[in-house]
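The block underneath contains the structure these notes are about, expressed in structure tokens.
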Amino acid sequence: MSKSIQSVQCEHLDKMDIVWDRPDTLIDVPMHYCPGCGHSVVHRLIMEVVQELNIQDITIGVAPVGCSVFSYNYMDVDMQEAAHGRATAVATGIKRVLPDKIIYSYQGDGDLAAIGTAETIHTINRGENIVMIFVNNGIYGMTGGQMAPTTLKGSVTSTTPTGRDLSIHGHPLNIAEMIAILPGAYYVTRQAVNSAKTVRKTKKALLRGFKNQIDGKGGVSFIEVVSNCPSGWKMTPLQSNKWLDDNMLGTYPLGDIKVPEKIA
Amino acid sequence: MKKRVSEKILMKGNEAIAEAAIRAGVKAYFGYPITPQSELLEYMSAQLNSRGGVFLQAESEVAAINMVYGAAGCGERVMTSTSSPGFSLMQEGISYIASAELPCLLVNVQRGGPGLGTIQPAQSDYFQAVKGGGHGDYNLIVLAPNSVQEMANFTYLGFDLADQYRTPVLILADGALGQMMEPVVFPDYDIVKNKVDHSSWATRGKKDGKQHVITTLHIEPEKMEIINNHLQEKYRDICDKEIRFEATKTDDAEILLIAYGLSSRIAHHALELARDEGLKVGLFRPITLYPFPYRQIRALTKKVDSILTVEMNAGQMVEDVRLAVGEKVPVHFYGRTGGVIPQPEEILEKIRAISIAPQMEKIF
Amino acid sequence: MAKLHGHVTINIENCKGCELCTDACPQNSLNMSKNINKKGYHYAILVEENCTGCTNCALVCPEAVMTVYRENKNRIIKPAPMASIDSKNISVSIS
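Chains as they are written, first to last, in numbering that gives the first Met the number 0: chain W, 0 to 263; chain B, 0 to 363; chain U, 0 to 94.
Right, here's the structure in full:
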């Protein structure tokens, strides 16, 4: 018989420092995401950055269509919910009339790399001074796990029941590498949120992106976050994070893709 | 300075809209080139950035209308303009704008369709303009100018109505009105006085602890119905208060012409020719196509024997005329399509035929 | 050198039982409760007194239910917010 598990209590919390707490900028409600979903982590990291940079009252976010369509319920900044694929056009409209405000767009792979590819490329090519956050989990989560442009070769989805066949469905789209060649892309990086280590790096990348915008650096800061979709991938959260390491990162290697040159 | 404001300027209709928009304090224009409205885009590109606004040429009409969504969501005066195929591309974004109740001005300088069609003037986007156009239950306020002067006047009016009702307003013109040059006087306009304060809902950065969200997603059916009921209530209010029309020689008319925009000018010429022949012809011109002057047209059926609707399409507004008239008097239709402009003589011939045999035309 | 002593409190009602924290904890201090919360999830709890306050569990937690404490000695303070940014001083260039 297994012994019952008891929670450890601490009687001298008042003598200790709080070294991590939920950011105030993250609205204190339960999120609608599936257990273990990386979207929640990315939302929180953006809000940590907004809090640390003290830009809550000058930040305007743009939400996409997809699982993160409700992200304005969690991120406590002014937000606009855009049509599918159009988040960066909406962000452009906002930034052009309110150039002193801090603007970010938040999109998934279907939104940014399929239906919104034209807006993605042209927003970056115009060098809009915004932060574009791209959550890549290789699947359409909200509509029930269909093939995304970033779905890996051989992956079974609800529209590739025998696996993604490159000769039929085309290839996984490395959009970050594609857009990095554009002069309007100021900072391009690919990070992940499947471990404490990768979460720390993603936070740093987001901080850098928002600082770029505050400093008025000309161009888009593009932060791709490779994430999981336990429900869509039909795995436990732990399995999905391991699968991400073992499979996703071969096609989508982590690290900075384009770093601004240091100006002397 | 006063003198300058009231002076007559010879201008294209497209340019008159652009100039009036700048004088009305437009903060941003997003657009994409398409004939026959490109002069509007070009005028904005030359003028707006140095006159207090932002001009941006988008990568598509799809992007342009979503830029309008973003900027309008910040509570600024914004607009776009296009022609028929481009207006089709914008429909998704317009549905979102109507749902989110964002004020903005849209301009469709119509050309002949369907498909890529022709660059010649037409009125074949009537259904799309007045019945919503995109998905969902919504309407635009639709203003139909018939002169370069009205292109300018309705630009000011359009921005004011958009602000007042928090709704997109469409100026439905055509290629001829966009391209023709006429003298225009730009009226005095006080931007500060006329601009509505949208700070209670616009997204401009969280202030005073209140988060502003612009969204069109309401998953729960009961919530979505509340939004729809609110929109419908607004449209009823608009229908009560904003109907605009012009009636010419309707007092003794036996045959009533109904036409809007460019075709109303041609119909007016036909009216003069018919009057010269002793035929008692009047002209009713809807200025707002939404709200449509159903009641005003219905009232005229007590006076006239028959109605002839003239359009530059295969018969679109005539359906609304029939809705207004019912079986009370015969409703005839004359139209040319594909960018062909009807001639006054063609309409006169139709009037003559109706005066001899004013029986009901077969609809189906 | 003695290990840092830490502690974690958990908002168990918001926990969705994904178990990512238990995997992220280098000390194996966390486990899943046999009990369930109001949503029906087995929630995470601190089961060992060897927590160092490294924050790994909080970093991976999708629901942000963790609050992490650390003893005062060898104090590492959470970075304070940067100086307030005056929106008027932000210069923006658009190419």
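Don't be surprised by glycine CBs; every beta carbon is placed ideally from N, CA and C.
*Nearest-angstrom Cβ-Cβ length linking Q36 (chain B) and V106 (chain B), presumed shorter than 8 Å*: Contact between Q36 (chain B) and V106 (chain B) is confirmed by a C-beta separation of about 7 Å, below the 8 Å threshold.
*asked:* Quick check: what's the CA-CA separation for Y186 (chain W) versus M179 (chain B)?
replied: Each residue's alpha carbon lies about 48 Å from the other.
*asked:* Strictly below 9 Å CB to CB, what residues from chain B border A147 (chain W)?
replied: Within chain B, no residue comes near A147 (chain W); the closest Cβ sits about 20 Å away, beyond 9 Å.
*Apart from the five residues on each side of it in sequence, which residues of its chain come closer than 7 Å, Cβ to Cβ, to H134 (chain B)?*
Within the same chain, H134 (chain B) has close Cβ partners S94.
*Where V68 (chain W) meets chain B, residues with beta-carbon distance less than 8 Å*: Neighbours of V68 (chain W) on chain B, chain order: L216.
*Tell me which same chain residues have a C-beta within less than 6 Å of the C-beta of K100 (chain W), skipping the five on either side of it?*
For K100 (chain W), the CB contacts under 6 Å within the same chain, skipping 5 residues up- and downstream, are I57 and I59 in chain order.
_Proximity of R284 (chain B) and N145 (chain B) at Cβ, strictly below 8 Å_ = Judged by beta-carbon spacing, N145 (chain B) lies within the 8 Å limit of R284 (chain B), meaning their Cβ atoms are closer than that value.
_DSSP-derived helix/strand/coil call for Q421 (chain B)_ = As shown, chain B starts at 0 and ends at 363. That puts residue 421 (chain B) outside it, with no answer to give.
*Is V258 (chain W) buried or exposed, if buried means 16 or more other CB atoms sit within 10 Å of its CB?*
Exposed, by the Cβ-count rule.
*asked:* Using the three-state DSSP reduction, which class does D77 (chain W) fall into: helix, strand or coil?
replied: Correct three-state label for D77 (chain W): strand.
*Compare the beta carbon distance of L261 (chain B) and I306 (chain B) with 8 Å and say whether it is the shorter of the two.*
In this structure, I306 (chain B) does not lie closer than 8 Å to L261 (chain B) by Cβ.
_First and last residue of the uninterrupted alpha helix (DSSP H) at M66 (chain B)_ = Where M66 (chain B) is concerned, the enclosing alpha helix (DSSP H) stretches over E60 to A71.
_Between the alpha carbons of G231 (chain W) and V48 (chain W), how many angstroms are there, rounded?_
Approximately 29 Å between the Cα atoms of the pair.
*So what does DSSP say about G334 (chain B), is it helix, strand or coil?*
The answer is strand: DSSP assigns G334 (chain B) an E or B state.
*For Y234 (chain B), which residues of its own chain have a beta-carbon under 6 Å away from its beta-carbon, when the five flanking residues on both sides are left out?*
Excluding residues within five positions, the ones whose Cβ falls inside 6 Å are N138.
*Cβ of I170 (chain B) within 8 Å of Cβ of I265 (chain B)?*
No Cβ-Cβ contact shorter than 8 Å links I170 (chain B) with I265 (chain B).
*Find out if the Cβ-Cβ distance for the pair V225 (chain W), R199 (chain W) is shorter than 8 Å.*
Judged by beta-carbon spacing, R199 (chain W) lies beyond the 8 Å limit of V225 (chain W), meaning their Cβ atoms are not closer than that value.
_Using beta carbons (cut-off 8 Å, strictly below), is V212 (chain B) in contact with chain W?_
With 8 Å as the cut-off, V212 (chain B) counts as an interface residue toward chain W.
*Along chain U, in chain order, which residues have C-beta atoms closer than 7 Å to that of N136 (chain W)?*
Within chain U, no residue comes near N136 (chain W); the closest Cβ sits about 13 Å away, beyond 7 Å.
*For the segment 185-213 of chain B, which residues have a beta carbon sitting closer than 8 Å to at least one beta carbon of chain W?*
Here the close residues are T202, R203, G204, K205, K206, Q210, H211, V212 and I213.
*Below 8 Å between beta carbons: does that hold for I96 (chain B) and Y68 (chain B)?*
Yes.
*Which chain W residues are close to G52 (chain U), counting only those with a beta carbon under 9 Å from its beta carbon?*
Correct list: M15, D16, V18 and W19.
*Report the neighbours of V147 (chain B) on chain W: residues whose CB is nearer than 8 Å to its CB, in chain order.*
Under the 8 Å cutoff, chain W gives no residues; its nearest Cβ is about 29 Å from V147 (chain B).
*Contact set between L25 (chain W) and chain U, taken where Cβ atoms lie within less than 8 Å*: A63, listed in chain order.
*V89 (chain W) CB to nearest chain B CB: under 8 Å?*
Contact with chain B is found for V89 (chain W), since one of that chain's Cβ atoms lies less than 8 Å from the residue's Cβ.
*Name the chain W residues whose beta carbon is nearer than 7 Å to that of F126 (chain B)?*
Those do not exist, as F126 (chain B) stays about 23 Å from chain W at its closest Cβ, beyond 7 Å.
*Contact set for E100 (chain B): own chain, Cβ-Cβ below 7 Å, skip 5 residues either direction*: Correct list, in chain order: R165 and T166.
*Output, in chain order, the set of chain U residues within a Cβ distance shorter than 9 Å of N240 (chain W).*
By Cβ distance, chain U contributes L19, D22 and V59.
_Interface residues of the segment 56-68 of chain B facing chain W [CB-CB below 9 Å]_ = Along the segment 56-68 of chain B, the positions whose C-beta sits under 9 Å from a C-beta of chain W are A57, E58, S59, V61, A62, A63, I64, N65, M66, V67 and Y68, read in chain order.
*At least one CB of chain W closer than 8 Å to the CB of K7 (chain B): is that the case?*
Residue contact check for K7 (chain B) against chain W: no CB pair falls below 8 Å.
_Please return the same chain residues whose Cβ sits closer than 6 Å to the Cβ of F332 (chain B), not counting the five positions on each side in sequence._
Leaving aside the five residues that flank F332 (chain B) on each side, the residues in its chain whose CB is nearer than 6 Å to its CB run, in chain order, T308, G314 and V317.
*So what does G162 (chain W) bridge to, in DSSP terms?*
Bridge partners of G162 (chain W): none, in fact.
*Could you tell me which residues DSSP pairs with Y28 (chain B) in its beta bridges?*
B:F54 and B:M78.
*Would you mind reading off the limits of the alpha helix (DSSP H) that contains M186 (chain W)?*
Going by the sequence as given, residue 186 (chain W) is Tyr instead of Met. Note, Y186 (chain W): premise wrong, no alpha helix (DSSP H); beta strand (DSSP E) at A184 to A191.
_So C73 (chain B) contacts chain W; which residues on that side make the cut at Cβ distance below 7 Å?_
By Cβ distance, chain W contributes I93, V96 and L97.
*Mark G169 (chain W) as exposed unless 16 or more other C-beta atoms lie within 10 angstroms of its C-beta, in which case mark it buried.*
G169 (chain W) should be labelled exposed.
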